[in-house]
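With this note's numbering applied, the sequence shown corresponds to residues 81 to 406, in that order.
We treat Cβ as the ideally placed atom computed from N, Cα and C, and that holds for glycine.
Because the structure is a prediction, the values reported are computed rather than measured.
Let me begin by presenting the structure, written as structure tokens, before commenting on it.
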Amino acid sequence: MPHRRQALALLGALPLAAALPARAQGDFPSRPIRLLVAFAAGGSPDLLARLIGNQVGKQTGQSVVIENRAGANGIIAAEAAAHAAPDGYTLLLTTGSQAINPSIYSKLPYDTVQDFTPVSLLTVAPALTLVVNPKFPGKTFAEFLDMARKPESRITFGSPGTGNTLHLVGELLNATAGTHMLHVPYKGGAPALNAVIAGDVSACFLSTAAAIIAVKAGQVRPLAVTSRQRIAAFPDVPTMAESGVPDMDYNGGWVGIFAPGKTPPPIVQRLYAEIDKAMRVPEVKEKMEAWDSPPAQSSPQEFTRFFQAEMDKFARIVKLAHVPMQ
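Written out as structure tokens, the structure reads:
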């Protein structure tokens, strides 16, 4: 598989950092770093970017300037980062959409593997939560499945848009559980949630942080989580695996930082070291955990392997669910 060969080549190049001049790493950074965020201000990725960027700025004495480049499922920001100079002064903060896009878009303005260098996986959320309107007739996930397996039931689920991870998890449930949920795309997570609250769609998948807020407000009711293990936020909510869908094991999404392809390994290692150090600061760690975004503390090599596995996973899901290329 071409992507896998390219990823292995990248892994082999990273240890060469020790063979390159130490001065290149020691002089970096000598000016502000631009961090392109693939999503709008105020969302979870943006909050993480500002939290970690601020701490890295304190550590290095050079500010980290956040630029939100939202749109096209992360492609706009990714294209800008891919075409930036590979000097470590332009970085990309994005999510699982980076791993999904190669499987759902026939043409991308960059090579997802060759044009990016993984720097650090910031966080991996444990699960997504399937929620419904409080008045939804099915009281349990088992009852939801019984209804959704009947084509005439017209069970619908909303998501922030076609190809989003919150869309693909629904298609995966259709494929593995034999359900017939109809996908309804919205322009963002908030409109999708509001559609459930208003009763316009039957259900949607939420991050744990978003689900906690909506459930506490009485706006939605949780039915099941997508992880193998129950989660602390909803200890009484079953997993899908224990409720009749044994093949369902889907993390709640991730956030990571990439540099442009061909960024020198010493620069990549320095960036990783500063990001790792920032996430170990108690105040930063506590905020991340409060946002259901526990620090991943993942090295460039580990992130590379994780990212390749995510690309492979989403390629299988897209094929299994017959999601059309765009």
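### Query
Which class does A395 belong to by DSSP, given the choice of helix, strand or coil?
Reading the sequence shown from its first residue, position 315 is the one you call residue 395. Correct three-state label for A395: helix.
### Message
My output table needs one value for K342: the three-state DSSP class, helix, strand or coil.
### Response
The residue given as residue 342 occupies position 262 in the sequence shown. K342: coil per DSSP, three-state reduction.
### Query
Do E147 and V117 have their CB atoms nearer than 8 Å?
As a first step, residue 147 is located in the sequence shown; it is residue number 67 there, counting from the start. As a first step, residue 117 is located in the sequence shown; it is residue number 37 there, counting from the start. The answer is yes: Cβ separation under 8 Å.
### Query
Looking at A222 and S323, is the spacing between their C-beta atoms short of 8 Å?
Residue 323 sits at position 243 when you count from the first residue of the sequence shown. Residue 222 sits at position 142 when you count from the first residue of the sequence shown. Going by C-beta atoms, S323 is nearer than 8 Å to A222.
### Query
Residues bridged to F196 by DSSP?
The sequence position of residue 196 within the sequence shown is 116, counting from 1. F196 is bridged to P340.
#### Entry: Between the CA atoms of T170 and I235 - distance to the nearest angstrom
The residue given as residue 235 occupies position 155 in the sequence shown. The residue given as residue 170 occupies position 90 in the sequence shown. For I235 and T170, the distance between alpha carbons rounds to 44 Å.
### Query
Taking the C-alpha atoms as reference points, what is the distance between R396 and A294?
Numbered from its first residue, the sequence shown carries residue 396 at position 316. Numbered from its first residue, the sequence shown carries residue 294 at position 214. A direct Cα-to-Cα measurement between R396 and A294 gives close to 31 Å.
### Task
Specify the secondary structure class of A263 as computed by DSSP and reduced to three states.
By 1-based counting over the sequence shown, the position of residue 263 is 183. The sequence given here places His at residue 263; Ala does not occur at that position. When secondary structure is reduced to three states using DSSP, H263 falls in the strand class.
### Message
Can you look up G238 in the DSSP assignment and give me helix, strand or coil?
### Response
Stepping through the sequence shown from its first residue, residue 238 is reached at position 158. The answer is strand: DSSP assigns G238 an E or B state.
### Message
Do T259 and R308 count as a contact pair if the criterion is CB distance below 8 Å?
### Response
As a working mapping, residue 308 is identified with position 228 in the sequence shown. As a working mapping, residue 259 is identified with position 179 in the sequence shown. No, the pair does not count as a contact, with Cβ atoms beyond the cut-off.
### Query
So, using beta-carbon positions, are V193 and V300 closer together than 8 Å?
Numbered from 1 along the sequence shown, position 113 holds the residue referred to as residue 193. Numbered from 1 along the sequence shown, position 220 holds the residue referred to as residue 300. The Cβ atoms of V193 and V300 lie no closer than 8 Å to each other.
### Query
Where does A304 fall in DSSP's three states?
Here residue 304 refers to the residue found at position 224 of the sequence shown. Correct three-state label for A304: strand.
### Query
Which whole runs of the alpha helix (DSSP H) in the segment 356-394 are 4 residues long or more, in chain order?
362-370
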